[in-house]
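Numbering (this note's numbering), first residue to last: 85 to 217. Scroll down for the structure; my scribbles are underneath it.
Here you go:
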């Protein structure tokens, strides 16, 4: 393989994690409340990029979303950067014990959560709870 081809391929592959997360809304103050006020079905993902459990959860959610288009059609996915918001009012309000917590909401009502759950069944149960709320 030519060096130029190798560098182009490597650069392209390094962007894959960013492309996979492009369909998540990144949390910032003022992002969640309008979705709750609209009575949206919401998945809150408390995530840290260095967290292996979080990364496993992300892969499982991406697989589930690829298998079931109803998730993307009906759910609002919000990713909360744990390193930035671990001491925020949001974490207190939802009693989030740690990163790798995924919460299903319908409006402001919680329907399911998993803390450090990485199995497909655990995560699918949370997504389904939001979808069927």
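For glycine and all other residues, C-beta sits at the position ideal for the given N, C-alpha and C. Here the structure is a predicted model, which means the values were calculated and not measured.
| Check | Outcome |
| --- | --- |
| Assigned secondary structure, residue 185 (DSSP; H/G/I helix, E/B strand, else coil) | strand |
| From 200, 206, 202 and 120, residue whose alpha carbon lies closest to that of residue 159 | 120 |
| Beta-carbon separation (whole angstroms), residue 162 vs residue 127, contact threshold 8 Å | 7 Å |
| Cross-strand partners of residue 141 (DSSP beta bridge) | BP columns for residue 141 are empty, so no partner. |
| Identity of the residues DSSP links to residue 131 by a beta bridge | 165 |
| Residue burial classification, residue 116 (beta-carbon count within 10 angstroms, cutoff 16) | buried |
| Proximity winner among 149, 153, 175 and 122, relative to residue 131 (alpha-carbon distances) | 175 |
| Option nearest residue 201 by Cα separation, candidates 210, 216, 124 and 195 | 210 |
| First through last residue of the beta strand (DSSP E) which encompasses residue 198 | 193-199 |
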